[in-house]
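These notes are about the structure you will find just below.
In my numbering, the protein residues as written are 14 to 345.
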């Protein structure tokens, strides 16, 4: 049935099977059959023509044949089956397949036309820090619950130094905390920073991006803004902490002009200039949509036809309002 053509997201089983078949160039054609051609089911059905010995002319290509309108009605329904392929219908399908030419019912595509890259679009986490009395009390309560009371005096010391806030540079705040912790020999782990973020920080678009990693630029670690590696004036490469709440995905056709970089520059960066692609999360998927390739839009009605209908309705309703008013006595 049709589910084998498009179900399954990029990286999932169904999509990977389609990818395996197409990238190995084993798919010659897919033929869409008429509806209600089988007993007890009205679902769309398709024939997959597979071969590991494709002729030279077919290599790297896949043919789609729309045979949904070619059938012979049955005199009497058999369950939901109300039609069948006649000899002439079968001959038309075979002719299209063997001739391997394009027509209204036959489309030929490079295998890559069915593939796409599913990219993950990230944006930086931006945190505003508050060190007022209410925030510090909330932080102290959270630390007691997690048995992390030893870090509370350090944060209170930093608050006395920096003031209530708001502090828009979480990176500077973090460096200040680490400096203040050194005399107390306190080490900071992810759990403790999580307590700080939960109790003292909130997301704010006006805040500076939170830095996840900063290293000196090298031959193997160069700035590449498309993938979230930004160069600094100090000669370092910075990566920002992604904000899971702002994470999004996009599907980019494998045959996109200019590939993923061109798509990202055109469709994403004009709207979210601080976005980047999580290169490691990119997945390749394949799907085949007959509707997309054989869609026939219903022609719009002409203005003259619409105008004629309106005038006919006006004639039918002429005098109707007056008759209603007379019957209700509203005209008296």
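We put the CB at the ideal spot given by N, CA and C, even for glycine.
Pairwise C-alpha distance: residue j and residue i
i, j, result
"residue 331", "residue 324", "10 Å"
"residue 89", "residue 99", "16 Å"
"residue 215", "residue 201", "20 Å"
"residue 190", "residue 284", "35 Å"
"residue 157", "residue 151", "10 Å"
"residue 254", "residue 187", "14 Å"
"residue 135", "residue 291", "7 Å"
"residue 296", "residue 115", "31 Å"
"residue 105", "residue 306", "19 Å"
"residue 281", "residue 263", "9 Å"
"residue 302", "residue 127", "8 Å"
"residue 25", "residue 131", "12 Å"
"residue 289", "residue 243", "10 Å"
Helix, strand or coil at residue i [DSSP, three-state]
i, result
"residue 337", "helix"
"residue 204", "helix"
"residue 192", "helix"
"residue 21", "coil"
"residue 68", "coil"
"residue 282", "coil"
"residue 165", "helix"
Residues that DSSP places opposite residue i in a beta bridge
i, result
"residue 137", "255"
"residue 228", "250"
"residue 222", "139"
Given residue i as reference, the closest of the options once Cα atoms are compared
i, options, result
"residue 147", "317, 178, 261", "178"
"residue 125", "314, 231, 76, 307", "76"
"residue 46", "280, 97, 34", "97"
"residue 352", "60, 108, 49", "Since the first residue shown for the chain is 14 and the last is 345, residue 352 is missing from the structure and cannot be characterised."
"residue 232", "108, 176, 240, 249", "249"
"residue 195", "339, 282, 171, 33", "171"
"residue 267", "276, 51, 18", "276"
"residue 119", "308, 337, 321", "308"
"residue 224", "193, 235, 241, 103", "241"
"residue 265", "299, 319, 258", "299"
"residue 180", "210, 197, 164", "210"
"residue 154", "208, 142, 198", "208"
Could I get the ranges of all uninterrupted alpha helix (DSSP H) runs contained in the segment 288 to 329, with 4 residues as the minimum, in chain order? Runs of the alpha helix (DSSP H) inside the segment 288 to 329: 303 to 307.
Alpha helix (DSSP H) runs wholly inside the segment 70 to 140, at least 4 long, in chain order: For the segment 70 to 140, whole alpha helix (DSSP H) runs of length 4 or above, ordered along the chain, are 100 to 112.
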